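There are 2 protein chains.
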Amino acid sequence: MNKKLECCDSNVIHEEIINQVKDKMPKEEILYDLAELFKVFGDSTRIKILWALDASEMCVCDIAALLNMSQSAISHQLRVLKQAKLVKNRKEGKVVYYSLDDDHVRQIFDQGLAHIYEGW
Amino acid sequence: MNKKLECCDSNVIHEEIINQVKDKMPKEEILYDLAELFKVFGDSTRIKILWALDASEMCVCDIAALLNMSQSAISHQLRVLKQAKLVKNRKEGKVVYYSLDDDHVRQIFDQGLAHIYEGW
DNA sequence: TGAACATATGAACAGTTATTCATATATAGA
DNA sequence: TCTATATATGAATAACTGTTCATATGTTCA
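Just so you know, the protein sequences line up as chains A and B, in that order. Using numbering that gives the first Met the number 0, the letters of the first sequence correspond one by one to residues 0 to 119. Using numbering that gives the first Met the number 0, the letters of the second sequence correspond one by one to residues 0 to 119.
Listed below in structure tokens is the structure:
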């Protein structure tokens, strides 16, 4: 019950494949960043915001009204989206307008939708 | 301080835009499913598993060895990936081999990477 | 300057999630 | 049948996350 610290109790089964795959894997850091990016997409509030901004530039209050959520909640999420460099903003007096800051968002959404609709 | 239940304290600023965007938004349910899908991508362990399986079919023990993680942790995550219809498996004796079950994974990854690398 | 308002932000809380641990299931071989 | 082994799974825990609430910041206008 304490024979190997490696993986499961047994030895590796297919050592060649493991080494082969290991060579093809991107650097740990890249994969981490990729997961962090998708984590940002993994919330329906943020998905809605991105979708809305893909249709039109909007101010915080408008987004809150559109999604029927508090101004604070939206503001917090916009900060997350901005840190991920997915949205940008411009200020006009008191009002802050947000818009998409990425060309890939739409394509990522489309691929995601393609998966969801697949086989139905 | 209690004038409107809507969004923030004020009235909606750009009502036309809101209605216009509202019409363009996909159904609530679709956006929820989309977020659920990306949530699955939003974990570096699962990202690594998917990347590995994109390179080669592998059994549970091999994946655990490759990622230097416990068999149990990998098995739990494979279940999540299978529920999301991102991987499939086949049994050969005691050994269960997992492989990708989706054509979009690679493209979603590529778009994600494109975003990460953008502007550097 | 002061009131009104749009937005941002910190703390707190509830809900979620990834891993570990122990154990169950299933299969192969003796 | 008994043992070894590959995988699955339920419970528990620690860490993380989204929203709310209260409040701060910054801008306009009177």
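For each residue, glycine too, the CB sits at the ideal point set by N, CA and C. Bear in mind that the values here come from a model prediction, so they are computed numbers and not experimental data.
Cα atoms of residue 26 of chain A and residue 61 of chain B: separation of roughly 19 Å, rounded to the nearest angstrom. Closest by C-alpha distance to residue 13 of chain A, out of B:113, B:108, B:64, is B:64.
Annotated three-state conformation of residue 90 of chain B is strand, per DSSP. Residue contact check for residue 87 of chain A against chain B: no CB pair falls below 8 Å. Contact residues of the region 75-86 of chain B toward chain A are absent (C-beta to C-beta distance below 7 Å). Among the CB atoms of chain A, one or more fall inside 8 Å of the CB of residue 55 of chain B. The way I'd put it, the region 44-52 of chain A does touch the region 96-105 of chain A; three or more beta-carbon pairs between them come closer than 8 Å. The beta-carbon of residue 99 of chain A is placed no less than 8 Å from the nearest beta-carbon of chain B. Across the region 29-45 of chain A, CB contacts with chain B closer than 7 Å involve 30, 31, 32, 33, 34, 36, 37, 38, 40, 41, 42, 43, in sequence order along the chain.
Residue 98 of chain A sits in a strand when the DSSP states are folded into three classes.
Put simply, the CB of residue 111 of chain B is near chain A, with a gap under 8 Å to one of its CB atoms. The closest CA to that of residue 115 of chain B, considering only A:16, A:21, A:95, A:34, is found on A:34. Any Cβ of chain B closer than 8 Å to the Cβ of residue 95 of chain A would place that residue at the interface, and such an atom is absent.
The beta carbon of residue 67 of chain A is closer than 7 Å to none in its chain, skipping five residues each way along the sequence.
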